[in-house]
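In the numbering used here, the protein residues as written are 45 to 399.
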């Protein structure tokens, strides 16, 4: 929520922070774009395969199989849906939050003070994006935990459509929660400088809004994410099927459970890695900045406030740039898909550029 433009940093620290911010935008934009294109490439390839199998099934006079393949062909897998949503959110964070801080470090000019409308919209978008990435990881962490421990319960009660409803409701609640931003934030002049900030006469109500944001985002959001991560880690390590969900079990039921559990493990590992990395990078900001503002804790001298703020906020935003590389590190299948996509891209470029 820092909107100040009067930043006082030593040249060395300013250069370091500016270089890091530019690197975040550049690497993050390229890597997230590659991640999106790889998912699209994988989806298109799967559609081609399903179309061929559907044609083969029709030739062999197997309408049920063809119908099933047609249904599979319609949408992304759950893992791909998660990656698409997180990647789009990461790109927004990079080009809304990191870009603002980069311009501020380079020129000491806050783009929010360009106009009243930009002040309100940019602040609102910043708050929504920072909340949305946490909400996505929370929802998918809980869903994966239930899916791995109780696969049939997840398949019955936490279906794909209900998961999408949860995502939509979460987005709607986040949008409504930050609606007060349009009332509180305006451009004010203090001396010779202009700031996108709240009015002093609204300080009491703004404090209520800020504390509500802190409770819902930091305490509830990150606490839920941490608990879900611990449960997810434990359940991923426990490969034994759970037979306690029903009084009578059959061989077909056990096979279905094993199949569902195996299908959820890869997505569970991805969610666990992304959410753990976000928790680690967010801790310094929430301890040093948020606790300092909410509870008045003086954990460092006031003269280092700007330096600590920029180091911690850029650390938080680091996770928005590195998910592609984290995914390459843990997923052999994604490495193969990404390599195949890049080979196809370079082959296309070589053909187009050939004389």
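Backbone N, C-alpha and C define an ideal beta-carbon position, used for all residues, glycine too.
| Query | Result |
| --- | --- |
| Considering only the beta carbon of each residue, do residue 68 and residue 172 sit closer than 9 Å? | no |
| State yes or no: is the C-beta of residue 134 within less than 9 Å of the C-beta of residue 367? | yes |
| Looking at the unbroken beta strand (DSSP E) that takes in residue 246, where does it start and where does it end? | Where residue 246 is concerned, there is no enclosing beta strand (DSSP E), given that its DSSP letter is neither H nor E. |
| Name the residue from 313, 389 and 253 whose alpha carbon lies nearest to the alpha carbon of residue 188. | 313 |
| Quick check on the DSSP output: what are the complete beta strand (DSSP E) runs of length 3 or more inside the region 128–214, in order along the chain? | none |
| Using 8 Å as the threshold, is the region 311–331 in touch with the region 355–363, meaning 3 or more CB pairs across them? | yes |
| With a 10 Å radius around its C-beta and 16 neighbouring C-beta atoms as the bar for buried, classify residue 340 as buried or exposed. | exposed |
| Per DSSP, what kind of secondary structure is residue 237 in: helix, strand or coil? | strand |
| In its own chain, which residues sit with a C-beta less than 7 Å from the C-beta of residue 62, not counting the 5 before and 5 after it? | 146, 149 and 150 |
| In terms of residues, what are the limits of the alpha helix (DSSP H) holding residue 382? | 376–397 |
| Does DSSP classify residue 229 as helix, strand or coil? | strand |
| By DSSP, does residue 282 sit in helix, in strand, or in coil? | coil |
| How long is the line joining the alpha carbons of residue 23 and residue 136, rounded to whole angstroms? | An answer regarding residue 23 cannot be provided, because it is not within the stretch 45 to 399 covered by the chain. |
| Between residue 365 and residue 71, is the Cβ-Cβ spacing less than 9 Å? | yes |
| What residue range is occupied by the uninterrupted alpha helix (DSSP H) comprising residue 339? | 335–339 |
| Among residues of its own chain, excluding the 5 on either side of residue 262, which ones have a beta-carbon nearer than 8 Å to its beta-carbon? | 330 and 334 |
| Run through DSSP, which three-state label would residue 347 get? | helix |
| Quick one: residues in its chain with C-beta nearer than 6 Å to the C-beta of residue 166, no 5 flanking neighbours on either side, listed in chain order? | 156 |
| Among 76, 178 and 162, which one has its Cα closest to the Cα of residue 128? | 76 |
| Closest to residue 321 by CA distance: which of 354, 282, 345 and 369 is it? | 369 |
| For the candidate residues 392, 79, 372 and 272, whose alpha-carbon lies nearest to that of residue 180? | 272 |
| How is residue 297 classed by DSSP in three states: helix, strand or coil? | Per-residue confidence for residue 297 stands at a pLDDT of 49, beneath the threshold of 50, marking its modelled position as unreliable; no derived number is given. |
| On a CA-only basis, which of 175, 371 and 374 is nearest residue 222? Give me that one, please. | 175 |
| In whole angstroms, give me the CA-to-CA distance for residue 352 and residue 324. | 16 Å |
| Rounded to whole angstroms, what is the Cα-Cα separation between residue 258 and residue 393? | 49 Å |
| What's the C-alpha gap between residue 130 and residue 348? | 33 Å |
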